[in-house]
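S.K.:
Residue numbers (our numbering): 16 to 122.
1) What does the Cβ neighbour count give for residue 44, buried or exposed, with the cut at 16 atoms within 10 Å?
2) Apart from the five residues on each side of it in sequence, which residues of its chain come closer than 7 Å, Cβ to Cβ, to residue 84?
3) Along the chain, where does the alpha helix (DSSP H) containing residue 85 start, and where does it finish?
4) Please state whether DSSP places residue 41 in a helix, a strand or coil.
5) Taking contact to mean 3 or more Cβ pairs, one atom from each stretch, closer than 8 Å, check whether the region 61 to 68 and the region 98 to 114 are in contact.
6) Under 6 Å Cβ to Cβ from residue 26, same chain only, skipping five residues before and after it: list those, please.
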């Protein structure tokens with residue numbers, strides 16, 4: 016569970032920091048919690064978790080999502096897509112490939 020996992024708590028903290036880039040009218044805590052839960056589920060379902068601890072898979076994707084949210088310069092493509100409703104759920108964000116996340120970071 017979330018309360019017993021220091022990895023998940025750390026992930027939520029990192030996502031909460033990234034959510035500070037959202038406009039003040041957006042509930043960043045809600046988005047952070049939803050994305051964290053989706054990343055946790057994604058990491059457990061990922062085949063990589065069969066050969067390495069789920070935490071490694073989780074943090075690799077978490078790093079990509081945070082970079083994609085914050086962007087290299089200002090508003091990233093992922094941020095714009097979330098604000099416009101392009102991604103209908105946090106699971107959509109967790110399903111993005113590392114290449115897609117990197118493109119968003121660089122946008």
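Every residue, glycine too, gets a C-beta built ideally from N, C-alpha and C.
M.R.: Walking through what the data contain:
1) Exposed, because fewer than 16 other Cβ atoms sit within 10 Å of the Cβ of residue 44.
2) Shown here for residue 84: same chain residues with a beta carbon closer than 7 Å to its own, the five before and five after excluded, namely 33, 36, 91, 93 and 94 in chain order.
3) From DSSP, the alpha helix (DSSP H) with residue 85 extends over 69 to 85.
4) Here residue 41 sits in coil by DSSP.
5) In this structure the region 61 to 68 does not lie against the region 98 to 114, because fewer than three pairs of beta carbons, one per stretch, are closer than 8 Å.
6) Answer for residue 26: 51 and 77, listed in chain order.
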